[in-house]
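Asker: Below you will find the structure I want to go over with you.
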Amino acid sequence: MHFFNHLLHDHDLALILLAAAICAAGCYVGVGLSQRAASERGTARWHWCFLTGIVAGCTIWATHFIAMFGYRSPVPVSLDGVLTLLSAHIAVVGSCAAVAVATLSRRLWASATSGLLFGLTIAAMHYTGMSGYVFAGAEVRWDYGLVVVSIALGTALAAAANFRLSGSDGTKVDIGSVALWVAAIVALHFTGMASMTIAPLAGTVVTDATYSGVGGNALAGAIATISLMIVGLGLTTSQTDRRQQLRSRLRLQHQAMHDALTGLPNRRAFGRALAKRSAAAEATGAAFALLVVDLDNFKPVNDGMGHATGDEVLKRVAHRLECAARPGDFVARVGGDEFAILLDGVRDSSAAGSVADRVIEILGRPFLIGEQIAEIGACVGISLAPHHATNPSRLVNHADHALYSSKRRGKGRWQVFDDTLLEAIERRRVLEAALRRAAVREDFDVVYQPIVDSSTDELVGAEALARWSPATHGAVPPAEFIPMAEELGLIGRIGMTVLRKACREAMSWPDSIKLSVNLSPVQILDPRLVSGVAAVLHETGLPPQRLELEITETALLGDDELALRTLNRLVALGVNVSLDDFGTGYSSLSYLHRFPISRIKIDGSFVNQAPVDANSASIVRAIAELGKSMDLQITAEGIETAAQREFITSHGCQNLQGFLISRPLSEAEFSDLCRAAGQERAA
Amino acid sequence: MTERFDLTDQPGAPLLRLFYTSSAIARLGARELALACEKRNREAGITGVLLRVDATYLQVIEGAPKAVAETFERICCDLRHRNLALLEIEPADERIFGDWSMAHVGDSESLTIALRDDLEDIRLLAGVNAHNTVLRMRQLLDAVRARDLEVRNCAA
Ligand SMILES: Cc1cc2nc3c(=O)[nH]c(=O)nc-3n(C[C@H](O)[C@H](O)[C@H](O)COP(=O)(O)O)c2cc1C
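Protein chains in written order, with UniProt numbering: chain C, 1 to 683; chain Z, 1 to 156.
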């Protein structure tokens, strides 16, 4: 009890409380700063260590000195300036070192060493400071046992504080460590004070303690103020920094979850939103719809009009999607030109479909950028939770399948997932594999549709048509496998197979019979086409004049310079070029002038309606007249009735083709027909 | 029904004129729409005309290219009409509708038979010759203005 009596008896309570308050505030700030220092790297860390060291050092020093002013010395006291200053330096430098060591590692050695350093710093500061007190007319006696105890206590508590700190995550100031720091400082100070006895020498008048020079209270006030300012500085620094960190953390969080270009939630944010809703759908049956939106035609816009324009389009797409979605719907950008929308509370296809309609409508409108117009469009795939699934990745898969099938049906469509889609997709997958095999094995048949002269009825030629009947599926119509071959990049190969086969077989027909073979638009853009055709002619020996290559208008739409060059080189080989399906597409007369075309084939759809439908009739008449004026041959396709035949013939089409004349024939049948025709002519 | 205001374009500053049609999906008339965006158009230096013929809107907007692009984007974000078809966009030297921040004709307006026929003609012409249609729209506005003047004179 000697200790506490001593404490209470020898000290001025008000100043002791002030010292304690400064100590607590300083330790709070110091701990916060040291946590901050530990979270930094490189030079920034040393700056934070330095700041922490200054705050901690000042705290120790100020606590000590203010407490000392609260100490009632039995004799007058004066301060040795050098030693007092030295003690301040020791406090700051030692604290800096201790903090720096603590930030080196989270291991035990670092916190132990740092604790030791910190404890020794407090002790060194304390005893150096104490030796700067000159007690006039008194002898200072030390209890070395207690001195050792004080150093041991301070060091142990400091080490404990640093050990705690090394385990904290730095998000909040660790109050336990603050308490331990305070405890280390306080314990060392008061144990140190207890170890000291002031024995007045005989003859000294015992008065109240007085400091020579400046008044004690004023000095205490000055030290306290400056220390508080330093502690305050540390506090403001760490608070400002914390706020900034919070702000930058929020910004980072925003950046991590949002697409920088459009500002929409990104793929990751979408994943979370979907997972959350899926879980709710699973748990409570809460319905929602997933729409995946894929832009049509974005790539050509981006490539053709520049990436800046492409970016602007994407930004506007994002905004338009938000306009098309209902308030509160979740719109995200999940890929380059792919977006997704989550519709809460949507249970059936029709509600989801009406949003999809709006999306397609709004994205189908032009984008006026600068003075350029970008036209894109969109397809939408839809899946419904919990109806189709409640598993996020299955929902996405289903919506993707629906999207795939809507894209297949054309631009500006939407489609809700259903199980038959999977079958269709599976069929397509199998067919694609079969088509690849067939392309390698040249597994295609060629049939021939006879073409006759409209005035003499004489057989003048045949159009070669590709047929494909994979063993697993039976005959697959050309309308299905040709686009597939184009997409898979097989059309060049298949086209050449058909051409070679047809040319070879045509060699057995009379010389007067011409052969027409179709070229896909994709083939026209293939630089190997001309040499391929030349090679086939050479190989089979078919005179080029007997070969006619049929192209469609779409082939001339894309890169028409390239198309023009290719067609000119084909014509230079001696073959003829005809324009197929005329009247259905863009039918610009300028094609007929620019491209080396020697025949037009009027599309069957006009021929079908011609005799009864005035509009079709006038188109047929116009085309026939055009042919006459431009010296082009005209073939009418799809003749099915005698009336059509009569109408077409009377309007001056030279050649006829269609079921009325003959269905497509196998090679053997066609050869027979040629023979019969020959005999007829001979007869 | 029309509002005059002063609009001074910098001489030589490029202008853009745009003409589109769309189908109305609501009873929303040309009058309500034009009044609603008049203030905004005036601030953006946009002039033009909006007609509603049955369920078809026909609108011309003209102004500085940037303002036209922004206004058109707003119009494209509006789902109160469908089947929007941009019929013409062309640089212009001067305004055709410089007197109107957004003139409007159509719907419930008490129109003479002649004006009604004009409206119908304009709608049919739009798909065939966009440029002439724009000129016809200006003539229509002049005719309406003349009629209004007459009505006022008669009343006086
Ligand atoms: C037929 C039609 C014509 C429009 N004309 C204009 C117009 O001249 N100027 C304009 O700023 N907005 C026009 N709008 C767009 C709407 O008024 C648009 O919804 C509104 O400007 C959006 O305002 P907010 O951004 O304050 O919602 C038109 C919309 C429609 C359907």
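Yeah, the Cβ is synthetic: ideal placement off N, Cα and C, and Gly gets one too.
Quick one: using the 10 Å Cβ neighbour count with 16 as the cut-off for buried, is Z/His104 buried or exposed?
Answerer: So Z/His104 counts as buried.
Asker: Under the three-state reduction of DSSP, which class applies to C/Glu486: helix, strand or coil?
Answerer: Correct three-state label for C/Glu486: helix.
Asker: Kindly give me the distance between the Cβ atoms of C/Asn608 and C/Asp453, rounded to whole angstroms, as I take these residues to be in contact under 8 angstroms.
Answerer: Incorrect: roughly 21 angstroms between the Cβ atoms, too far for contact.
Asker: Going straight from the alpha carbon of C/Phe84 to that of C/Trp61, what length do you get?
Answerer: In the sequence on display, residue 84 of chain C carries Thr and not Phe. Each residue's Cα considered, the two are about 10 angstroms apart.
Asker: Please report the distance separating the alpha-carbon of C/Gly328 from that of C/Arg36.
Answerer: For C/Gly328 and C/Arg36, the distance between alpha carbons rounds to 40 angstroms.
Asker: Quick one: list the residues of chain C neighbouring Z/Cys77, beta-carbon separation under 8 angstroms, in chain order.
Answerer: Here the neighbours are His319, Arg320, Cys323, Ile362.
Asker: Report all residues from its chain with a CB closer than 8 angstroms to the CB of C/Pro478; omit the five preceding and five following residues, and keep chain order.
Answerer: Result list for C/Pro478: Leu465, Ala466, Arg467, Trp468, in chain order.
Asker: Just verifying my parser: in three-state terms, what is the DSSP assignment at C/Ser238?
Answerer: It is helical.
Asker: Is the segment 531 to 539 of chain C touching the segment 485 to 499 of chain C, taking contact as three or more C-beta pairs under 8 angstroms?
Answerer: Output reads yes: the segment 485 to 499 of chain C touches the segment 531 to 539 of chain C.
Asker: For C/Thr197, which residues in the same chain have their Cβ closer than 6 angstroms to its Cβ, ignoring the five residues on either side in sequence?
Answerer: Excluding sequence neighbours, C/Thr197 sits near Arg141.
Asker: Anyone know if the C-beta pair for C/Thr103 and C/Ala161 falls short of 8 angstroms?
Answerer: Going by C-beta atoms, C/Thr103 is not nearer than 8 angstroms to C/Ala161.
Asker: Less than 6 angstroms between C-beta atoms, sequence neighbours within five positions excluded: which residues of the same chain meet that for C/Ile369?
Answerer: For C/Ile369, where only same-chain residues beyond five positions count, the Cβ hits under 6 angstroms are Thr309, Glu312.
Asker: Is the CB of C/Ile341 under 8 angstroms away from at least one CB in chain Z?
Answerer: So, not an interface residue.
Asker: Considering Cα atoms alone, identify which of C/Ala471, C/Pro300, C/His388 is closest to C/His398.
Answerer: Answer by Cα proximity: C/His388.
Asker: Taking the alpha-carbon of Z/Asn83 as reference, which of Z/Arg147, Z/Ala24, Z/Gln139, Z/Cys37 has the nearest alpha-carbon?
Answerer: Comparing Cα-Cα distances from Z/Asn83 to each of Z/Arg147, Z/Ala24, Z/Gln139, Z/Cys37, the minimum goes to Z/Ala24.
Asker: Can you name the residues of chain C whose CB is closer than 9 angstroms to the CB of Z/Asp88?
Answerer: According to the sequence as given, residue 88 of chain Z is Glu; it is not Asp. The premise fails here: Z/Glu88 is roughly 11 angstroms from chain C at the closest Cβ pair, so nothing lies under 9 angstroms.
Asker: Against chain C, with Cβ distances strictly below 8 angstroms, would Z/Phe19 count as a contact?
Answerer: Z/Phe19 does not count as touching chain C.
Asker: According to the Cβ coordinates, are Z/Arg95 and Z/Thr133 closer than 8 angstroms?
Answerer: Their beta carbons are not under 8 angstroms apart, which means Z/Arg95 does not touch Z/Thr133 by this criterion.
Asker: Relative to the alpha-carbon of Z/Leu58, which residue among Z/Asp142, Z/Ser101, Z/Gly106 has its alpha-carbon at the smallest distance?
Answerer: The shortest C-alpha separation from Z/Leu58 is found at Z/Gly106.
Asker: Determine the direct distance from the alpha carbon of C/Asp241 to that of C/Ala194, and round the result to whole angstroms.
Answerer: Spanning the two alpha carbons is a distance of roughly 41 angstroms.
Asker: Please compile the residues from chain C whose C-beta is within a distance smaller than 7 angstroms of the C-beta of Z/Arg82.
Answerer: Per Cβ cutoff of 7 angstroms: Glu361.
Asker: Could you name each continuous beta strand (DSSP E) segment of 3 residues or more that falls completely within the segment 463 to 542 of chain C, going from the start of the chain to the end?
Answerer: Runs found: 514 to 518.
Asker: With a 10 Å radius around its C-beta and 16 neighbouring C-beta atoms as the bar for buried, classify C/Asp672 as buried or exposed.
Answerer: So C/Asp672 counts as exposed.
Asker: Is the shortest distance between the beta-carbon of Z/Glu43 and the beta-carbons of chain C less than 8 angstroms?
Answerer: Not one chain C Cβ lies under 8 angstroms of Z/Glu43.
Asker: Alpha carbons only, please: which of C/Asp560, C/Arg565, C/Leu573, C/Thr554 is nearest the one belonging to C/Leu579?
Answerer: For the residues C/Asp560, C/Arg565, C/Leu573, C/Thr554, the minimum Cα distance to C/Leu579 belongs to C/Thr554.
Asker: Chain C partners of Z/Glu94, CB-CB under 8 angstroms?
Answerer: Going along chain C, no residue has its Cβ under 8 angstroms from Z/Glu94, so there is no contact; the nearest lies around 17 angstroms.
Asker: Identify whether C/Val460 lies in helix, strand or coil by the three-state DSSP scheme.
Answerer: If DSSP states are grouped into helix, strand and coil, C/Val460 belongs with the strands.
Asker: Compute the distance between the beta-carbons of Z/Arg49 and Z/Leu135, then report whether it is under 8 angstroms.
Answerer: The question names Arg, but residue 49 of chain Z is Val in the sequence shown. No.
Asker: Sorted by chain position, which residues of the same chain lie with C-beta nearer than 7 angstroms to C/Glu322's C-beta, five sequence neighbours on each side aside?
Answerer: Cβ within range, chain order: Val331.
Asker: With a 10 Å radius around its C-beta and 16 neighbouring C-beta atoms as the bar for buried, classify C/Val214 as buried or exposed.
Answerer: For C/Val214, the pLDDT reaches just 47, beneath the cut-off of 50, and the residue's location in the model is therefore unreliable, although a value from the coordinates is still provided. So C/Val214 counts as exposed.
Asker: How would you call Z/Val151, buried or exposed, if buried means at least 16 neighbouring beta carbons within 10 angstroms?
Answerer: By the neighbour-count rule (16 or more Cβ atoms within 10 Å), Z/Val151 is not buried but exposed.
Asker: Which of the three DSSP states, helix, strand or coil, is assigned to Z/Ser22?
Answerer: Three-state result, Z/Ser22: strand.
Asker: Quick check: what's the CA-CA separation for C/Ser212 versus C/Ala136?
Answerer: Summary for C/Ser212: the model assigns pLDDT 48, below 50, so the residue's position carries little reliability, and this model does not support an answer.
Asker: Going by C-alpha to C-alpha distance, which of C/Glu486, C/Leu515, C/Thr540, C/Leu542 sits closest to C/Asp526?
Answerer: Nearest option by C-alpha distance: C/Glu486.
Asker: Using beta carbons (cut-off 8 angstroms, strictly below), is Z/Glu73 in contact with chain C?
Answerer: Yes, because at least one Cβ of chain C sits closer than 8 angstroms to the Cβ of Z/Glu73.
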